[in-house]
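Note sheet for the following structure.
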Amino acid sequence: SSVALYQYAEVFEEKFSDSVDYVNNLRSPRFIKSHLPYSLLPTEIHKIKPKIIYTMRHPKDVCVSYYHHCKLVHGFNVDFETFCELFLNNALAGGGIFNHYKDFWNRRHEENILFLRYEEMRNDTRGTLKKIANFLEKPLSEKDLTALEEFLSFQEMRNNRGCNFAPLVEHIKGRDFYNKAGVHFMRKGEVGDWKNHMSREMSNRFDEWIEKNNVGTGLCFNN
Numbered sequence: 040s041s042v043a044l045y046q047y048a049e050v051f052e053e054k055f056s057d058s059v060d061y062v063n064n065l066r067s068p069r070f071i072k073s074h075l076p077y078s079l080l081p082t083e084i085h086k087i088k089p090k091i092i093y094t095m096r097h098p099k100d101v102c103v104s105y106y107h108h109c110k111l112v113h114g115f116n117v118d119f120e121t122f123c124e125l126f127l128n129n130a131l132a133g134g135g136i137f138n139h140y141k142d143f144w145n146r147r148h149e150e151n152i153l154f155l156r157y158e159e160m161r162n163d164t165r166g167t168l169k170k171i172a173n174f175l176e177k178p179l180s181e182k183d184l185t186a187l188e189e190f191l192s193f194q195e196m197r198n199n200r201g202c203n204f205a206p207l208v209e210h211i212k213g214r215d216f217y218n219k220a221g222v223h224f225m226r227k228g229e230v231g232d233w234k235n236h237m238s239r240e241m242s243n244r245f246d247e248w249i250e251k252n253n254v255g256t257g258l259c260f261n262n
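For the numbering used here, count along the sequence shown from 1 and bump the result up by 39.
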């Protein structure tokens, strides 16, 4: 297709409550971003077998990112320690994160699923792009890879209205919110930012929780 994928992803520019109809009316090939667990995806995926790229991130960084998301988008007014308790007890929207991980991890060998790690994407963007290109059967030249590396850098994406969720935040908070508040939907994109938020005690609790949930899965997370 000659149409850029980001043009397919601008769901929030016009409609915020009609995302299902919006997706149904998208032209093929469609690009759909979702946070849904595998069990809540449309049952048709079992027959149609669309290509699915799943990205897993370290739970500690997910907790920090989700905390800032809930504060910015949903007006969630709790301190970080309280949010961590909710996260550890699977008491937040979306349910337990390990059920989310395991559903896709256990299907990682299926030919239509590519399982990626966020840390790998950040530390080896070029290598990850090659994996994705191979998975999508879209060969890329070295020139293409260089251009994509630049386009997909965190700062570029942070400034790109096609993926920085500015339309959504402006719809909720007002068009000048970003400029006035000095905060962004896309904050840092760093690996290990949890170290700037979690106490040692909370970090240890997360380690125990991660170890308990990892038993028998083959999943591993590096601090």
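Using N, Cα and C, we set each Cβ at its ideal position, and we do this for glycine too. The model shown is predicted, which means the values in this text are computed figures rather than measured ones.
- Assignment of alpha helix (DSSP H) within the segment 144–171, counting only whole runs of 4 or more residues, yields 157–162 in chain order.
- Annotation: the continuous beta strand (DSSP E) that includes Met95 extends over 91–95.
- Uninterrupted beta strand (DSSP E) stretches at least 3 residues long and entirely within the segment 168–194 do not occur.
- Boundaries of the alpha helix (DSSP H) harbouring Asp246: 239–253, taken from the DSSP string.
- For Gly135, the CB contacts under 7 Å within the same chain, skipping 5 residues up- and downstream, are Asn129 in chain order.
- Rounded to the nearest whole angstrom, the CA to CA distance from Asp246 to Arg66 is 44 Å.
- The Cβ atoms of Thr164 and Glu195 lie no closer than 8 Å to each other.
- By the Cβ neighbour-count rule, Lys141 is buried, with 16 or more other Cβ atoms within 10 Å of its own.
- Pairing Ile71 with Arg161, the inter-Cα distance amounts to about 22 Å.
- Following the DSSP letters along the chain, one finds His74 in no alpha helix (DSSP H), marked with neither H nor E.
- Looking at the backbone, the Cα of Asp100 and that of Glu240 are separated by about 16 Å.
- Ranked by Cα distance from Ile92, the options Met237, Leu258, Glu149, Leu184 are led by Glu149.
- The straight-line gap separating the alpha-carbon atoms of Thr121 and Glu229 is approximately 23 Å.
- Between the alpha carbons of His108 and Leu75 lies a distance of about 16 Å.
- Here Pro98 carries a helix assignment [DSSP, helix/strand/coil].
- In the structure shown, the three-state DSSP call for Ser104 is helix.
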